[in-house]
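Asker:
Protein chains in written order, with the numbering used here: chain A, 8 to 369; chain B, -6 to 352.
This is the structure we're talking about:
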């Protein structure tokens, strides 16, 4: 743990350096994009609140992107994260409404319910993928179908949370006066950061530390980079893979709770297709689907880039959902090409089959 | 690894056992639940023409798009070792092109429709070439490369027509989507047969099948043996493009309109499932088209069964997921190995030659 302080002296491994290069590119693009928005669009982008709103609105996306980065570094994939968010939000909303106007205890129970749902999905999918050796794409696709189906079985109609303490919690925001701005009538309006946004940033840091400094994190990089050599090194490949899915399930449950804190209502279409946004965020941040390469800080900026595109298009005259989709697609294409060029220039162009697609037979 | 090589050496039909058992179980379940489930009757449609009706016909009919796309998906899976998740979105683009071309003419006749289908094929092949180039030349993972069109394809489809739901009303179009007057079998079924025959013909006359399997199993070795991996992958994407175009035309013809948001929606997921349920390895290599087609009909049969049991449309996904998990668990390498070991032990035990190893 002493390496925590002297991270500069830590010997860098080759896969991490690639990820760092791609991460730096994504950070630069984010800064460039934000600066361009400040210059050409002005208005909201000149206020700190805009940056905070990006965090507030996309806290759940940031958390599931972290979940996907973990799994993708381990050479797998998880497309059930959006569905798990939807199910968690619906279950928690229904549960809160049965609790009358209970106090903090019922909120704690709800929180545990959210984590429990995520954990169950993580354990189930992880067991099927690592111990029964079924292809992750199919298992998590079934997980997505299951969670979406369960959501509508719970309730087809939108459920609004009418729980008093929880509504209070939703309204609780961290106020930072010196980053605020002065309104037209002369009042100082402080910048507001939601609890969910703080949780998301904390999760990014925790996952970063976990991946970098703990044995589990290192093992996840190892099994994603080269499963055979990880096995020869004595790493328990199956357990590591299992744990990576459990972690991603747990994070999806947490993301569901965070989503509920941002928009306190369950709905069958909550976080629809967000798994693809999360995959895109991971890729833009420099994670390779082949496994072994990735960095969760990059993923954070990947998610922020997607959020900024969304905001810029909302504020520009091209305010149409299809423009946003096209911009996302173009951005993704740009990054994928960039990655391919960068990696092949560094002599690493031979992207092999991801291990989760290989016929696993020890 | 050894077990898969062994499997190739024996019959190759082994991979069809699980989907066939699943299909048989579904049929049996339906027979016990409601013996009249499979009854087929002759009815007349609104135009007064005789049509076959019944659950079986509707299953085979409505699985057409899925079956066609799963065939193309199997080829891409075999040669690239990954899946194309943009088929639904590219299908929407194809539908938009078809509608645009057909509505561009004053009157809709057979020639115009054929022109529309051809335009459709050209456009989908171009889009699939984009995907294929990313995969084959830039060596990007198929799922990532196709994520681009997955996320923006439907927007392009919207942009082509600039209208949410353009309508086409024509007897030719409805004949393509429903039934041709005088022939009681729904037309989409013929389209499946046509595409299946076309692919079978290609496999019989050319080396496409062998080449794509070889590239999927070992690209380096394939290249050293004089097979061009890039061309093989592009060819499989091109064939998938044609499949997507045909499925899109059926989708448009079935409804008589184009809704860029709902046409062929989520079909990529079902198609990948069909490929996997059919016992094909999603990592590429050896494949059986019949497995994927079987997979497509299993998925549709499951859906229709659930509807017949009065499960709400939105809830179907949950039950579908459970059945899928059961099927893939039964087909998983670990469970398969255990079952084979058990089977061998039982057989050698009953024969009284416990020491004899069954190869």
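Idealized CB from N, CA, C, for every residue including glycine. Every value quoted in this text rests on a predicted model; they were computed, and no experiment measured them.
Pull up the distance between the alpha-carbon of residue 113 (chain A) and that of residue 155 (chain A), whole angstroms please.
Answerer: Spanning the two alpha carbons is a distance of roughly 25 Å.
Asker: Can the beta-carbon of residue 141 (chain B) be found closer than 8 Å to that of residue 238 (chain B)?
Answerer: Not closer than 8 Å, so no.
Asker: Using three-state DSSP, classify residue 352 (chain B) as helix, strand or coil.
Answerer: Because the pLDDT at residue 352 (chain B) is just 41, under 50, the model does not fix this residue reliably, and the value given afterwards should be weighed accordingly. Three-state DSSP puts residue 352 (chain B) in coil, outside helix and strand.
Asker: So does the stretch 223 to 238 of chain B actually touch the stretch 124 to 138 of chain B, counting three or more Cβ pairs closer than 8 Å?
Answerer: Yes, the stretch 223 to 238 of chain B is in contact with the stretch 124 to 138 of chain B.
Asker: Could you check the C-alpha separation between residue 105 (chain B) and residue 66 (chain B) for me, to the nearest Å?
Answerer: Each residue's Cα considered, the two are about 29 Å apart.
Asker: Check whether the Cβ of residue 141 (chain A) lies closer than 8 Å to any Cβ atom in chain B.
Answerer: Yes, residue 141 (chain A) counts as interfacial toward chain B.
Asker: So, under 8 Å CB-CB, residue 329 (chain A) and residue 151 (chain B) are touching, yes? Tell me the CB distance rounded to an integer number of Å.
Answerer: Yes, they are in contact, since the Cβ atoms of residue 329 (chain A) and residue 151 (chain B) sit about 5 Å apart, within 8 Å.
Asker: Since I believe residue 275 (chain B) is in contact with residue 423 (chain B) (beta carbons under 8 Å), could you give me their beta-carbon distance rounded to a whole number of angstroms?
Answerer: With chain B covering -6 to 352 only, the question about residue 423 (chain B) has no answer from this structure.
Asker: In or out: residue 256 (chain B) buried (at least 16 other Cβ within 10 Å) or exposed?
Answerer: Buried, because 16 or more other Cβ atoms sit within 10 Å of the Cβ of residue 256 (chain B).
Asker: Along chain A, in chain order, which residues have C-beta atoms closer than 7 Å to that of residue 64 (chain B)?
Answerer: Result: empty, since nearest Cβ-Cβ is about 19 Å, beyond 7 Å.
Asker: Taking the alpha-carbon of residue 278 (chain A) as reference, which of A:116, A:68, A:136, A:291 has the nearest alpha-carbon?
Answerer: The option with the nearest alpha carbon to residue 278 (chain A) is A:68.
Asker: For residue 335 (chain A) and chain B, any beta-carbon pair shorter than 8 Å?
Answerer: It does: the Cβ of residue 335 (chain A) has a partner Cβ on chain B nearer than 8 Å.
Asker: Out of A:74, A:35, A:56, state which residue places its alpha-carbon closest to the alpha-carbon of residue 215 (chain A).
Answerer: Comparing Cα-Cα distances from residue 215 (chain A) to each of A:74, A:35, A:56, the minimum goes to A:74.
Asker: If you measure from the beta carbon of residue 313 (chain B) to each beta carbon in chain A, is any gap under 8 Å?
Answerer: So yes, residue 313 (chain B) belongs to the interface.
Asker: Using a beta-carbon distance below 8 Å, is residue 217 (chain A) in contact with chain B?
Answerer: So, not an interface residue.
Asker: Tell me whether the beta-carbon of residue 172 (chain A) lies closer than 8 Å to the beta-carbon of residue 271 (chain A).
Answerer: Not a contact, by the Cβ cut-off of 8 Å.
Asker: How close, in whole Å, do the beta carbons of residue 251 (chain B) and residue 159 (chain B) come, if the pair is a contact with beta carbons under 8 Å?
Answerer: The Cβ separation is near 5 Å, so the contact holds.
Asker: Note down, in chain order, every chain A residue with its Cβ under 8 Å from the Cβ of residue 266 (chain B).
Answerer: Near residue 266 (chain B) (Cβ distances below 8 Å), the residues of chain A are 145, 148.
Asker: Tell whether a beta-carbon distance below 8 Å holds between residue 38 (chain A) and residue 255 (chain A).
Answerer: Result no, Cβ atoms of residue 38 (chain A) and residue 255 (chain A) do not sit closer than 8 Å.
Asker: I'd like to know whether the C-beta of residue 238 (chain A) is nearer than 8 Å to at least one C-beta of chain B.
Answerer: Chain B, which has no Cβ nearer than 8 Å to the Cβ of residue 238 (chain A), makes this no.
Asker: Taking 8 Å as the CB-CB limit, is residue 246 (chain A) close to chain B?
Answerer: No - not a single Cβ of chain B is within 8 Å of the one on residue 246 (chain A).
Asker: Taking the alpha carbon of residue 344 (chain A) as the reference point, which residue from A:293, A:304, A:331, A:324 has its own alpha carbon closest?
Answerer: Among A:293, A:304, A:331, A:324, the Cα nearest to that of residue 344 (chain A) belongs to A:293.
Asker: Mind checking if residue 279 (chain A) is an interface residue toward chain B, Cβ cutoff 8 Å exclusive?
Answerer: For residue 279 (chain A), the answer is no, since every Cβ of chain B falls outside 8 Å of its Cβ.
Asker: May I ask you to verify whether the stretch 144 to 158 of chain A touches the stretch 311 to 322 of chain B, counting CB pairs closer than 8 Å and requiring at least 3?
Answerer: With the cut-off at 8 Å, the stretch 144 to 158 of chain A and the stretch 311 to 322 of chain B touch.
Asker: Starting from residue 81 (chain A), follow its DSSP beta bridges and name the residues at the other end.
Answerer: Answer by DSSP bridge pairing: none, since residue 81 (chain A) is not bridged.
Asker: Would you mind working out which of A:120, A:181, A:323, A:76 sits nearest residue 260 (chain A), comparing C-alpha positions?
Answerer: Ranking the options by Cα distance to residue 260 (chain A), first place goes to A:120.
Asker: Return no unless some Cβ of chain B is closer than 8 Å to the Cβ of residue 152 (chain A).
Answerer: Yes, because at least one Cβ of chain B sits closer than 8 Å to the Cβ of residue 152 (chain A).
Asker: Give the DSSP-derived three-state secondary structure of residue 295 (chain A) in the structure shown.
Answerer: Residue state, collapsed to three classes: coil.
Asker: How should residue 29 (chain B) be labelled, buried or exposed, when 16 other C-beta atoms within 10 angstroms of its C-beta is the threshold for buried?
Answerer: Exposed, by the Cβ-count rule.
Asker: In three-state terms, what does DSSP make of residue 13 (chain B)?
Answerer: Helix at residue 13 (chain B).
Asker: Can you look up residue 143 (chain A) in the DSSP assignment and give me helix, strand or coil?
Answerer: Here residue 143 (chain A) sits in helix by DSSP.
Asker: Taking the straight line between their C-alpha atoms, what separation do you get for residue 108 (chain B) and residue 94 (chain B)?
Answerer: Going by the C-alpha atoms only, they are around 8 Å apart.
Asker: Scan the stretch 231 to 305 of chain A and note each continuous alpha helix (DSSP H) run of 4 residues or more that stays entirely inside, going in chain order.
Answerer: If we require 4 residues or more, the alpha helix (DSSP H) runs fully inside the stretch 231 to 305 of chain A come out as 234 to 239, 244 to 269, 281 to 291.
Asker: Give me the Cβ distance between residue 51 (chain A) and residue 57 (chain A), rounded to the nearest whole Å; I'm assuming they're in contact under 8 Å.
Answerer: Right, their Cβ atoms sit about 5 Å apart.
Asker: Using a Cβ-Cβ distance cut-off of 8 Å, determine whether residue 222 (chain A) contacts chain B.
Answerer: Closer than 8 Å: no.
Asker: Just how far apart, CA to CA, sit residue 121 (chain B) and residue 300 (chain A)?
Answerer: Going by the C-alpha atoms only, they are around 28 Å apart.
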